[in-house]
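Note sheet for the following structure.
Chains as they are written, first to last, in the numbering used here: chain W, 396 to 635; chain X, 396 to 635; chain V, 396 to 635; chain E, 396 to 635; chain U, 396 to 635; chain C, 396 to 635.
Below you can see the structure in the form of structure tokens.
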């Protein structure tokens with residue numbers, strides 16, 4: 396039995412249910428999922444400020460749900476809010492969907508592109524890929540010009556945008572793999588893949604399979620240096 | 396008249412007073428400083444979790460003190476907590492001391508080293524320099540093996556550690572410039588500089604002078620793409 | 396049911412049985428493994444020449460065993476012989492243990508080190524990590540000073556060497572994760588992990604779990620550009 | 396009182412007066428400027444040969460004006476002629492406008508673009524940014540297709556070119572900050588900034604403010620390794 | 396007298412004769428050439444699989460022709476098949492035309508572009524340049540959209556394609572030097588050079604001149620670490 | 396007949412004679428050498444200031460000796476003074492010994508080290524290799540702790556220093572190739588090579604052979620962009 400705590404870092408319960416549905420469809424039979432979201436914080440993540448506050452909520456949820464009683468934790472937003480702090484406070488493995496999926500994409504083609512919602516989200520995703528050290532593998536980050544909210548309201552426009560922008564990434568930027576880097580895009584992977592002829596990754600699903608693999612092998616993040624447990628001396632009331 | 400809001404991101408009022416004293420000594424005559432700290436959050440920043448919660452407090456303070464009524468904002472902790480989000484929400488220039496001082500160090504020598512408190516803080520500082528794109532200019536990040544708290548309690552040991560570790564950075568790693576990357580180290584710059592013969596930078600002071608320069612020239616962070624204003628649609632109660 | 400073809404690229408049947416045993420212990424219940432090795436080619440891989448000829452054998456085995464009748468292929472030697480060509484000729488997902496494990500290691504710590512057999516194998520492994528674009532995440536490649544053959548004959552010396560060299564990687568090079576990059580090292584991961592306090596990865600096991608995840612999600616390498624099917628026009632008798 | 400020696404490295408007295416005017420408008424009240432140019436050497440800098448000879452003139456002027464009797468030196472051409480040698484021979488801080496402004500631009504946005512005069516000047520500016528280690532932060536170097544001389548003769552065409560090329564940098568290359576990397580462009584910063592909505596930097600002004608900050612804090616370039624004083628043994632008649 | 400063994404790694408005798416003719420035209424008077432090709436293996440190299448099998452054939456030919464009785468070896472295909480293994484098994488200098496020509500191109504301009512046959516060959520050539528560590532010097536790899544076979548059958552179309560694609564590399568990608576990275580392109584260098592005004596390199600000729608220079612100076616590849624002789628223990632029947 | 400103009404950029408006639416002797420020993424039979432040095436400028440190059448003034452002298456000599464009446468130009472000092480400007484003003488090929496030899500070293504091993512005179516010369520050589528884009532191929536730059544003058548006066552000490560420092564580069568830094576990056580070291584290559592077992596390159600000889608190869612093939616630096624001819628409009632009296 397693998398118990399996995401899945402955290403949707405925004406307050407949208409609808410999104411939480413979507414994530415849960417998507418993961419139930421691909422989980423191993425003996426994986427037990429609890430999918431939660433914070434009560435407070437941003438309804439959606441569309442800025443660095445949102446990411447920051449959502450990150451705080453993720454760490455609070457990890458404490459509240461006692462992550463140590465789970466076998467692994469999955470943070471389900473494509474900016475990996477609070478990921479470093481979460482790996483730090485947990486002894487069980489924690490995965491972020493952007494980090495995990497970026498590395499898996501590198502196994503599938505020379506270069507990958509990330510599709511995101513709007514232009515203002517492009518640079519932070521480029522910077523994040525560089526921070527992972529994967530800058531040379533990134534073909535591009537391209538924006539649909541559709542906010543996450545609009546994406547959920549207008550599936551037809553969303554699909555058309557994914558097709559068009561995905562094609563530009565493949566034909567213009569040399570992408571051999573596409574990552575759907577925005578919650579509202581989930582569910583279109585298969586269709587886009589058939590149309591464009593390249594793997595189209597749903598990062599939440601990919602992250603769950605990698606996490607299950609880590610759990611099976613009893614692999615956890617290193618507790619030496621970057622993810623060492625916080626020292627108690629810092630007296631952080633917020634997390635304590 | 397330049398009005399600068401200085402944020403010490405931890406709750407230590409003693410630290411706030413130290414920062415204020417150090418900045419008053421170097422500010423321009425017509426600079427007016429308000430130095431504040433949050434009521435809640437970590438007492439000191441010794442982990443990614445601390446940095447994350449402190450970052451949230453920084454953004455809350457920016458709102459609470461109405462940053463737009465200032466000419467600039469300075470975040471005074473050497474992990475730049477909340478810096479990206481703060482640049483995003485402000486129209487006035489915001490500087491972080493690590494980012495600013497790293498770039499200034501590059502004007503003074505081929506490579507710089509950062510001195511930090513303990514081993515577990517080393518990788519995140521290395522990653523941050525890489526995120527800035529300055530990886531090729533970094534000689535090393537070296538830890539004193541002294542926590543920030545210990546540093547403030549035992550100045551003699553702290554100074555000896557700075558001397559020894561700084562010397563290793565210069566002679567062993569090829570550093571031509573040293574940055575004192577920890578609050579507890581402030582005040583030793585001059586002595587270390589004389590002993591080791593390389594510039595030793597107090598990043599808080601350096602950041603203030605750069606900020607004053609930006610204010611004089613009416614230069615602000617770009618509001619296009621990375622630091623674009625958050626869209627209101629995200630409904631972030633925490634910051635609203 | 397997931398059918399996986401595992402290729403030990405050298406001619407050692409003993410090694411093939413070891414790999415099979417190790418993988419049977421960690422595979423999913425519904426994974427069916429066929430572990431094979433070539434009849435011809437190098438007995439062990441200790442040079443670029445060996446890697447080259449072993450790569451040719453891998454591609455021949457893929458043809459001989461009709462990879463399309465499997466759900467995935469795993470190449471089990473830490474130089475990934477023939478990996479690019481294998482991904483090219485297969486429609487089913489193919490993973491190499493070095494490539495896969497290097498990317499997984501990046502999820503677990505800031506930097507990883509690879510332990511290999513002898514000094515002459517160090518540079519090609521450094522170059523390979525750079526080719527993946529992961530150069531910034533590599534702490535070091537360190538040699539045990541023990542050939543693969545010696546490793547299998549003298550387990551005591553091998554374990555002592557892994558401990559000593561692994562400790563140097565962690566304490567001297569800043570490695571937060573270790574990869575046992577040589578077949579003869581398999582089986583020591585747990586003990587080394589307990590002694591050194593960092594994750595110690597057996598790359599063959601890690602690669603199998605990632606491959607199973609890809610199979611579950613019906614993800615395959617991109618057939619656009621880098622791994623496009625070879626054109627028949629080249630008239631390659633060897634593979635035809 | 397801060398005494399600053401400003402060197403226009405070409406022989407154009409008109410340019411010298413322009414630089415002086417621009418700097419007087421932004422200097423601190425207690426800054427005293429001497430703005431000089433060489434008697435010999437190129438009239439304008441439009442090639443590596445020009446940069447080389449202008450660099451020699453800069454070092455000669457530093458000697459002739461006895462830089463040690465100043466608090467700092469500013470080299471006012473966007474190829475930083477003679478900068479390394481000038482930092483080497485001076486004990487007081489020396490800044491080049493390209494180097495300084497490139498680093499400041501990194502504080503204001505994810506990526507910056509440099510506008511230059513003609514195509515043949517593009518590669519050397521790209522190489523220089525890479526030499527600083529800032530290659531990842533560069534969106535592009537774009538040429539106006541207008542020589543410096545033409546720029547001064549035809550302000551209307553120059554402004555139109557800056558607008559058009561600047562817009563391409565912002566919209567096509569992802570630039571969030573623009574640097575006016577050519578003397579003839581000075582004076583258009585404000586208008587371009589309003590039209591394009593990104594910070595547009597006049598590098599001479601930026602460099603002066605950073606230099607004033609360094610002087611206030613008694614910070615000088617390191618005299619260890621890269622900028623160590625030349626040894627007298629080399630018997631350089633030209634500079635002696 | 397310099398005896399050079401030239402290996403055309405495919406089985407096309409026509410290509411072998413072309414290579415021989417091209418090299419005879421540029422060799423030093425006292426250079427004696429033996430140009431050979433394998434009996435088995437791919438007729439042309441249009442995939443990673445082809446490159447792999449051709450690499451094996453190259454190493455076999457080196458043994459068969461007793462490379463030690465030559466003064467140097469040249470591998471004449473623009474994917475350098477078997478190059479690392481060949482340098483390893485030989486004591487005499489071995490050069491690959493892609494590696495050698497890429498480095499020479501860097502002496503002639505800021506950035507170079509490589510012209511190749513079809514789109515599917517682009518990524519491996521990009522990756523190879525990155526493996527050499529020359530990624531920053533690469534303007535682009537561009538495909539003619541013409542296979543090697545088509546190129547030899549339709550010279551007119553080939554020349555037109557080289558002109559058009561070469562012009563795009565120069566004007567669109569900033570290439571200052573072009574490399575004709577495909578056997579079928581040989582012979583057009585001069586015409587293209589005159590039309591586009593940039594050096595257009597025939598890599599086989601360039602590699603021969605560099606090899607002759609190494610031979611004159613008695614310079615060989617290092618036998619320490621990367622190219623150390625294979626240990627006999629590996630029992631590689633194929634090469635032994 | 397190949398006419399080569401060799402420029403020793405310092406005023407030491409003794410050095411000029413040494414360079415001439417070394418090159419006569421390795422030149423092709425039909426190569427005609429003129430080896431010259433400036434009348435003015437530094438006697439030796441031991442600082443960036445020296446390099447700058449020597450660079451100016453190199454460009455003046457190119458004009459004085461009418462480079463166009465030669466088939467190629469070689470600049471014989473391991474800081475390549477005036478190289479970019481020289482390539483710019485000449486239509487015939489110009490090579491610098493540091494640039495050329497660094498690229499050739501990459502053909503011979505995974506990483507190379509450069510031996511230089513004193514510590515203060517190390518960073519500029521590191522920066523130069525990075526500027527070439529070869530940073531990943533550099534094992535180290537190491538100083539002998541012997542000035543060029545001392546090297547010529549005390550050959551015994553020099554040889555001992557080369558041996559000791561070279562060994563550290565090979566065994567400590569992973570260098571597989573050594574470059575003797577200082578005029579005073581010429582003549583020890585063979586002995587050091589035998590002692591350390593790695594190729595030891597005399598960069599002046601290497602550069603001549605590459606230049607002869609370029610001349611044979613009628614290859615010149617690109618006159619597009621970086622090395623475009625200077626426009627006459629700059630009115631550079633010094634070079635005109």
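Cβ coordinates follow ideal geometry from the N, Cα and C atoms, glycine included.
Assignment of residue 537(E) by DSSP, reduced to helix, strand and coil, places it in the strand class.
With respect to the C-alpha of residue 396(V), the residue from 512(V), 464(V) and 509(V) having the closest C-alpha is 464(V). Under the 10 Å beta carbon count, residue 419(E) is surrounded by fewer than 16 other beta carbons and is classified as exposed.
Counting only the Cα atoms, residue 519(C) lies some 26 Å from residue 534(V). The Cβ atoms of residue 552(U) and residue 541(U) lie closer than 8 Å to each other. Of all residues in the stretch 486 to 519 of chain U, those with a C-beta nearer than 7 Å to a C-beta of chain V are 514, 515, 517, 518 and 519, reading in chain order. At a cut-off of 8 Å between beta carbons, residue 593(W) contacts chain V. With the rule of 3 Cβ pairs closer than 8 Å, the stretch 443 to 458 of chain U does not count as touching the stretch 423 to 434 of chain V. Against chain X, a Cβ distance below 7 Å from residue 534(W) picks out nothing, because the smallest value is about 19 Å. If you compare the alpha carbons of 511(X), 567(X), 586(X) and 601(X) with that of residue 579(X), the shortest gap goes to 511(X). DSSP places residue 397(X) in the uninterrupted beta strand (DSSP E) bounded by 397 to 402.
By the C-beta criterion, the stretch 469 to 488 of chain V is judged to be in contact with the stretch 608 to 626 of chain V, since at least 3 inter-stretch pairs fall below 8 Å. The Cβ neighbour count for residue 608(C), taken over all protein chains shown within 10 Å, is at least 16; the residue is labelled buried. Within the same chain, and ignoring the five residues on either side of residue 466(E) in sequence, the residues whose Cβ sits closer than 7 Å to its Cβ are 397, 398, 399, 487 and 610. A Cβ of chain E is located within less than 8 Å of the beta carbon of residue 626(C). For residue 467(C), there is no enclosing alpha helix (DSSP H); the residue is found in the beta strand (DSSP E) stretching over 467 to 470. Using a Cβ-Cβ cut-off of 8 Å, residue 530(V) counts as an interface residue toward chain C, since at least one Cβ of chain C sits closer than that to its own.
If you look at residue 479(V), you'll find it in the alpha helix (DSSP H) that goes 478 to 484.
Contact between residue 480(W) and residue 443(X) holds, with the beta-carbon distance rounding to 4 Å and staying under 8 Å. The C-alpha of residue 567(V) lies about 39 Å from the C-alpha of residue 475(E). Residue-level contact by beta carbon fails for residue 568(U) and chain V, as no gap is shorter than 8 Å.
By alpha-carbon distance to residue 493(U), the top candidate from 543(U), 600(U), 439(U) and 621(U) is 600(U). Taking a contact as a CB-CB distance under 8 Å, the pair residue 546(V) and residue 577(V) counts as one, their CB atoms being some 7 Å apart.
Counting along the chain, residue 614(E) sits inside no beta strand (DSSP E), nor does DSSP assign it H or E at all.
When C-alpha distances from residue 430(V) are compared across 472(V), 440(V) and 436(V), the shortest belongs to 472(V). At a cut-off of 8 Å between beta carbons, residue 549(X) makes no contact with chain W. Counting the other Cβ atoms within 10 Å of the Cβ of residue 548(V) gives fewer than 16, which makes it exposed. Of the candidates 605(X), 564(X) and 606(X), 564(X) places its Cα closest to the Cα of residue 595(X). The C-beta separation of residue 477(E) from residue 509(E) comes to about 20 Å, leaving the pair out of contact by the 8 Å criterion. CA-to-CA, the gap between residue 526(E) and residue 529(U) works out to about 15 Å.
The straight-line gap separating the alpha-carbon atoms of residue 405(U) and residue 587(V) is approximately 47 Å.
Taking C-beta separations shorter than 7 Å and ignoring five residues to either side along the sequence, the partners of residue 410(V) in its chain run 403 and 578, following chain order. Ranked by Cα distance from residue 433(V), the options 506(V), 449(V), 441(V) and 440(V) are led by 449(V).
As DSSP reads the structure, residue 426(W) sits in a beta bridge with 397(W).
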